[in-house]
Amino acid sequence: MAIIGTFTRDEHGFNGTIKTLTLNVKAQIKKVEVSSEKAPDYRITAGSVELGAGWTKTSKEGREYISLKLDDPSFPAPVFANLVEQDSGFGLIWTRS
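Residues 242 to 338 (the working numbering) are what the sequence shown spells out, left to right.
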């Protein structure tokens, strides 16, 4: 696991930065209206470019987090990450599937 982003919460969702070997962008994770049971709760954008989607989940310990699927043409495959609360805000933790 590695932290690939840091975010702060605002009234629309989260604002922060995503940094990988090929990506270094300011990003927004915005809450969206859910249209169906499987639809995402969040959309991730960098400027006008959509980078992915997120779903609200609850851990076995009862903590809420956002499970994200990020994709970019520079990635060989989609990246899965979790946005979790940390002492100084929210960290985007990358996991390999």
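Built from N, CA and C at the ideal position, the CB exists for glycine as well.
Start and end residues, beta strand (DSSP E) containing residue i
i, result
"residue 304", "Careful: residue 304 lies outside any beta strand (DSSP E) and carries neither H nor E."
"residue 328", "Taken as a continuous stretch (DSSP letters only), residue 328 belongs to no beta strand (DSSP E), as it is neither H nor E."
"residue 249", "243 to 251"
"residue 260", "254 to 260"
"residue 267", "265 to 272"
"residue 287", "283 to 287"
CB contact flag (residue i, residue j, <9 angstroms)
i, j, result
"residue 244", "residue 307", "no"
"residue 285", "residue 309", "yes"
Which listed residue (the options) has its alpha carbon closest to that of residue i
i, options, result
"residue 282", "289, 290, 291 and 272", "272"
"residue 336", "267, 258, 320 and 305", "320"
"residue 299", "247, 256, 326 and 266", "326"
"residue 296", "305, 289 and 290", "305"
"residue 268", "279, 293, 252 and 275", "293"
"residue 274", "328, 313 and 253", "253"
Backbone CA spacing between residue i and residue j [nearest angstrom]
i, j, result
"residue 287", "residue 323", "17 angstroms"
"residue 330", "residue 250", "8 angstroms"
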